[in-house]
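Accompanying notes for the structure given below.
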Amino acid sequence: MVDAAPETAVANGIAGPAYDEPPIIEVRDLNIGYGGKAALQGVDLDIYRHEIFGIIGPANSGKTSFLRALNRMDAFNTAMEVRGSIRLNGKDINDWRNVYALRSRIGVVFPLPVGLPLTVYENVAFSPRLRGIRKKAELDEVVERCLRRAALWDEVKDRLDSLGSLLSGGQQQRLTIARALSQEPELLLLDEFSIAVDPVTTMRIEDVLKELRSEMTIVLVTNLVQQARRLADRTAFFLMGELVEIGDTEDLFEGKVTDQRTTGYIEGRFG
Amino acid sequence: MFAATPLNRRSHRNQNVARAVFFLMTVALVIPVLIIVGTLVVRGGPALSWEFLFTAPRDNMTAGGILPALVGTIWLVVVALLASVPVGVAAALYLSEYAPDNLLTRTINLAIINLAGVPSIVHALFGVGAFVYFFRFGASILAASLTLAVMTLPVVIVATRESLQAVPQAFREACWNMGATRWQTIRKVVLPNSISGILTGVILEVSRTAGETAPIMFTGATAFVAFLPESVFDQTMAMSYHLYYIATQATDVPEQLTFGVALVLIAIVLAMNAVSIAFRVYLRGLKKW
Chain A
1 MVDAAPETAV ANGIAGPAYD EPPIIEVRDL NIGYGGKAAL QGVDLDIYRH
51 EIFGIIGPAN SGKTSFLRAL NRMDAFNTAM EVRGSIRLNG KDINDWRNVY
101 ALRSRIGVVF PLPVGLPLTV YENVAFSPRL RGIRKKAELD EVVERCLRRA
151 ALWDEVKDRL DSLGSLLSGG QQQRLTIARA LSQEPELLLL DEFSIAVDPV
201 TTMRIEDVLK ELRSEMTIVL VTNLVQQARR LADRTAFFLM GELVEIGDTE
251 DLFEGKVTDQ RTTGYIEGRF G
Chain B
1001 MFAATPLNRR SHRNQNVARA VFFLMTVALV IPVLIIVGTL VVRGGPALSW
1051 EFLFTAPRDN MTAGGILPAL VGTIWLVVVA LLASVPVGVA AALYLSEYAP
1101 DNLLTRTINL AIINLAGVPS IVHALFGVGA FVYFFRFGAS ILAASLTLAV
1151 MTLPVVIVAT RESLQAVPQA FREACWNMGA TRWQTIRKVV LPNSISGILT
1201 GVILEVSRTA GETAPIMFTG ATAFVAFLPE SVFDQTMAMS YHLYYIATQA
1251 TDVPEQLTFG VALVLIAIVL AMNAVSIAFR VYLRGLKKW
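Top line first, the protein sequences correspond to chains A and B.
Just so we're aligned, residue 1 is where the first sequence starts under the working numbering, counting upward by one.
Just so we're aligned, residue 1001 is where the second sequence starts under the working numbering, counting upward by one.
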């Protein structure tokens, strides 16, 4: 399961996944249910620093529930029950006394963009302000950097003071990505980030994500198996609340699987 | 080929009938308002003058003006607002944004709904017991206003809570996901987008407070004082009680005077509403989604 960094990343001078260091996320016997109905069962996996960890699987396989559990979003939804252990940097996320500090280190992007009812600028400056950044120049710099990385800067630089909610759906999605990046997260959780984004812009964001790997760890949930292939160092296949297998992405796509259902899904025979 | 089928025609006819019924109901709603305001203007309008507004009643209420009642009503409303808005908004914020969904919260919600259903005369008796005697405020503006405040709290709480809950949950979750605390989320996203709805609750409360008679009858309103209140511990005249008094208790009051008082009372309520509505429109202009 543990491999050397992919050669291409080394060739580009980008640090690859740190498989020789302790994992940033250790999940053991994770079970998630909603009102007694199981959504995810008995998941064990490790995610390493500077890795893009892909999760693929058909609808209702527990991918989103997994992401929600990482950010302790079960606290928002009384019906969501999480059992098992999730350790971030070796510490169980339920032992973080300050859940806000935990969440501020984790950026999340969901499939449906949520532009906060604030201006474009304030959407991206929200998290830096929470961190206590007050100086206008410093905020300006963070906002521009994050919007550039989300491939949105050129489209909104002249209307930073208009409402985020007036942007188009695809632009709002990139605004949400910019907002997640503005947290300068250690861990970035992306759930179908490209669903509302056009293919050309998606490719630009994907390029950015590959570069971001040197700064953070990315968990990428996607329905586009080819996107997982393009981005993910390792990929996990979830099916009906079960983790079927985890493997080096290229191995999985070349058919080196331990479970034939994985190949079946990747090749589009079901799902 | 594109001819309407009998089903199309029937749907179209039903739709027209539904619209006509709803339109008639709307008209039926407006008619009583027009009749009331029209009657008051026609029969009370001639009583209006600067003297009517700015002098005290004389000759056993059969002549003179309404100044002490006018000023007294403003005192009562303002003090009641000062008491009920902070408490009501804070309680609604707690119930909507913080309270876990448990037995205690559900009990409190039930209590609020029941409090809204308590008749105003019962509130009046509560006010006498609690504020006049127990807290020893005596019959005063303070006791009367606090009674009004208790009575209108449920309106403020329910209206505030509903406008808070009209802010999409997704906004809150997006903030929480960035590590914002509940309070930061409330301050930066929830309150700015619900303030216009909260004001609606306050508008309703103002109208109700200015017009209520029963809760102030035994707690601070008096039939006649020639001077204006100087502190919240004074007794005061009030428009609603004055109207009740000259319409039923005093003798030989010219009809015109009674209608004049009613007209001014309605005008006060409408003027207060207008100010609040203008403010609300301004705030809604700032609304972000």
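Yeah, the Cβ is synthetic: ideal placement off N, Cα and C, and Gly gets one too.
Just so it is clear, the structure is predicted and the values come from calculations on it, not from any experiment.
For A:MET73 and chain B, any beta-carbon pair shorter than 9 Å? As a first step, residue 73 of chain A must be located in the first sequence, where it is residue number 73. At a cut-off of 9 Å between C-beta atoms, A:MET73 counts as an interface residue with respect to chain B.
Along the stretch 1176-1188 of chain B, what residues have a CB closer than 8 Å to any CB found in chain A? From the stretch 1176-1188 of chain B, only TRP1176, ASN1177, MET1178, GLY1179, ALA1180, THR1181, GLN1184 and LYS1188 have a Cβ closer than 8 Å to chain A.
Going along chain B in order, which residues have a C-beta closer than 7 Å to the C-beta of A:THR78? If you number the first sequence from 1, residue 78 of chain A lands on position 78. Under the 7 Å cutoff, chain B gives ASP1101.
Does the contact criterion of 3 or more C-beta pairs under 8 Å hold for the stretch 197-208 of chain A versus the stretch 18-35 of chain A? no
I want to verify the contact list: residues of chain B whose CB lies under 9 Å from the CB of A:ALA101, in sequence order. Taking the first residue of the first sequence as position 1, residue 101 of chain A is located at position 101. Those are GLY1179, listed as they occur along chain B.
Reduced DSSP secondary structure (H/G/I, E/B, other) of B:THR1073: Your numbering for residue 1073 of chain B matches position 73 in the second sequence. B:THR1073: helix per DSSP, three-state reduction.
Please return the same chain residues whose Cβ sits closer than 7 Å to the Cβ of A:PHE237, not counting the five positions on each side in sequence. As a working note, residue 237 of chain A is residue 237 in the first sequence. Contacts found: ILE56, GLY57, VAL244, GLU245, THR262 and TYR265.
Grab me the residues of B:ARG1280's own chain with a C-beta within less than 6 Å of its C-beta, minus the 5 sequence neighbours each way, in chain order. The residue given as residue 1280 of chain B occupies position 280 in the second sequence. So the qualifying residues of the chain are SER1196 and LEU1199.
Which stretch, first to last residue, makes up the alpha helix (DSSP H) that contains A:GLN41? Along the first sequence, read from residue 1 onward, the residue named residue 41 of chain A stands at position 41. From DSSP, A:GLN41 is part of no alpha helix (DSSP H) but of the beta strand (DSSP E) over 37-47.
Of all the residues that make up the stretch 105-132 of chain A, which are near chain B by a beta-carbon distance shorter than 7 Å? VAL108, VAL114, LEU116, PRO117, LEU118, PHE126, SER127 and LEU130
Tell me which residues of the stretch 34-53 of chain A have at least one Cβ-Cβ distance to chain B shorter than 9 Å, keeping chain order. Result list empty, no residue passes.
Taking the C-alpha atoms as reference points, what is the distance between B:SER1276 and B:ALA1080? By 1-based counting over the second sequence, the position of residue 1276 of chain B is 276. By 1-based counting over the second sequence, the position of residue 1080 of chain B is 80. Using only the alpha carbons, I get a separation of about 16 Å.
Pop quiz: B:ILE1031 and B:TRP1075 are said to be a contact at Cβ under 8 Å. What is the actual Cβ separation, rounded to whole angstroms? Against the second sequence, residue 1031 of chain B aligns to sequence position 31. Against the second sequence, residue 1075 of chain B aligns to sequence position 75. Rounded, the Cβ-Cβ distance is 35 Å, inconsistent with contact.
Please report whether the beta-carbon of B:ASN1193 lies at a distance below 9 Å from any beta-carbon of chain A. For the purposes of this step, residue 1193 of chain B is identified with residue 193 of the second sequence, where counting begins at 1. Output row for B:ASN1193: interface = yes.
If you measure from the beta carbon of A:GLN173 to each beta carbon in chain B, is any gap under 9 Å? Numbered from 1 along the first sequence, position 173 holds the residue referred to as residue 173 of chain A. It does not: the Cβ of A:GLN173 has no partner Cβ on chain B nearer than 9 Å.
Under 9 Å between beta-carbons, which chain A residues line up against B:ALA988? List them in chain order, please. An answer regarding residue 988 of chain B cannot be provided, because it is not within the stretch 1001 to 1289 covered by chain B.
In chain B, which residues lie with their C-beta within 8 Å of the C-beta of A:GLN183? By 1-based counting over the first sequence, the position of residue 183 of chain A is 183. Result: MET1178 and GLY1179.
Nearest-angstrom Cα distance between B:MET1025 and B:ASN1016? Taking the first residue of the second sequence as position 1, residue 1025 of chain B is located at position 25. Taking the first residue of the second sequence as position 1, residue 1016 of chain B is located at position 16. Straight-line Cα distance between these residues: approximately 14 Å.
If you measure from the beta carbon of B:ALA1174 to each beta carbon in chain A, is any gap under 9 Å? Locating residue 1174 of chain B in the second sequence gives position 174, where the first residue counts as 1. Interface residue, yes.
With H, G and I counted as helix, E and B as strand and the rest as coil, what does DSSP make of A:TYR34? Here residue 34 of chain A refers to the residue found at position 34 of the first sequence. Residue state, collapsed to three classes: strand.
What residue range is occupied by the uninterrupted beta strand (DSSP E) comprising A:PHE237? Taking the first sequence and counting its residues from 1, the one referred to as residue 237 of chain A is at position 237. In the DSSP annotation of this structure, the continuous segment of the beta strand (DSSP E) that includes A:PHE237 starts and ends at 234-239.
Using a Cβ-Cβ distance cut-off of 9 Å, determine whether A:THR202 contacts chain B. The count along the first sequence starts at 1 and reaches residue 202 of chain A at position 202. By this cut-off, A:THR202 is not an interface position.
By the three-class DSSP mapping on this structure, what secondary structure does A:PHE76 have? Translated into the one-based positions of the first sequence, residue 76 of chain A becomes position 76. Three-state DSSP puts A:PHE76 in coil, outside helix and strand.
Since B:PHE1131 and B:THR1219 are thought to touch, with beta carbons under 8 Å apart, how far apart are those beta carbons, to the nearest angstrom? The sequence position of residue 1131 of chain B within the second sequence is 131, counting from 1. The sequence position of residue 1219 of chain B within the second sequence is 219, counting from 1. At roughly 6 Å, the Cβ-Cβ gap stays under 8 Å, so B:PHE1131 and B:THR1219 are in contact.
Quick check on DSSP: helix, strand or coil for B:PRO1154? Residue numbering aside, residue 1154 of chain B sits at position 154 when the second sequence is read from its first letter. Helix at B:PRO1154.
Which same chain residues end up closer than 6 Å to A:MET1 when comparing Cβ atoms and leaving out the 5 residues on each side of it in sequence? The residue labelled residue 1 of chain A in the question sits at position 1 within the first sequence. Note that A:MET1 scores 40 on pLDDT, short of 50, meaning its location in the model is unreliable and no value can be drawn from it.
Residue interval of the alpha helix (DSSP H) (run including B:VAL1202): By 1-based counting over the second sequence, the position of residue 1202 of chain B is 202. Unbroken alpha helix (DSSP H) run through B:VAL1202: 1195-1211.
Could you pull out every residue in the same chain whose Cβ sits closer than 6 Å to the Cβ of A:VAL219, ignoring the five residues on either side in sequence? Reading the first sequence from its first residue, position 219 is the one you call residue 219 of chain A. For A:VAL219, where only same-chain residues beyond five positions count, the Cβ hits under 6 Å are PHE53 and LEU189.
Taking the continuous beta strand (DSSP E) assigned at B:VAL1027, which residues delimit it? Here residue 1027 of chain B corresponds to residue number 27 of the second sequence, with the count starting at 1. No beta strand (DSSP E) holds B:VAL1027; the alpha helix (DSSP H) holding it covers 1006-1044.
Compute the distance between the beta-carbons of B:THR1304 and B:THR1248, then report whether it is under 9 Å. Since the first and last residues shown for chain B are 1001 and 1289, residue 1304 of chain B lies out of range.
A:LEU175 vs A:VAL124 beta-carbon contact at 9 Å: In the first sequence, the residue the question calls residue 175 of chain A occupies position 175. In the first sequence, the residue the question calls residue 124 of chain A occupies position 124. Their beta carbons are under 9 Å apart, which means A:LEU175 touches A:VAL124 by this criterion.
Taking C-alpha atoms, which residue in A:GLN173, A:ARG179 and A:GLU186 lies nearest to A:SER194? The residue labelled residue 194 of chain A in the question sits at position 194 within the first sequence. Of the listed residues, the one whose Cα sits closest to A:SER194 is A:GLN173.
Assigned exposure category for A:GLY241 - 16 Cβ within 10 Å defines buried: Stepping through the first sequence from its first residue, residue 241 of chain A is reached at position 241. A:GLY241 is buried by the Cβ-count criterion.
Starting from A:ILE52, trace the beta strand (DSSP E) both ways and give me its first and last residue. Stepping through the first sequence from its first residue, residue 52 of chain A is reached at position 52. 52-56 is the span of the beta strand (DSSP E), which, as asked, contains A:ILE52.
Closest Cα partner of A:GLN171 within the set A:GLN183, A:ARG159 and A:GLU155: Position 171 of the first sequence, counting from 1, holds the residue named residue 171 of chain A. Looking at the Cα atoms, A:GLU155 is the closest of the given residues.
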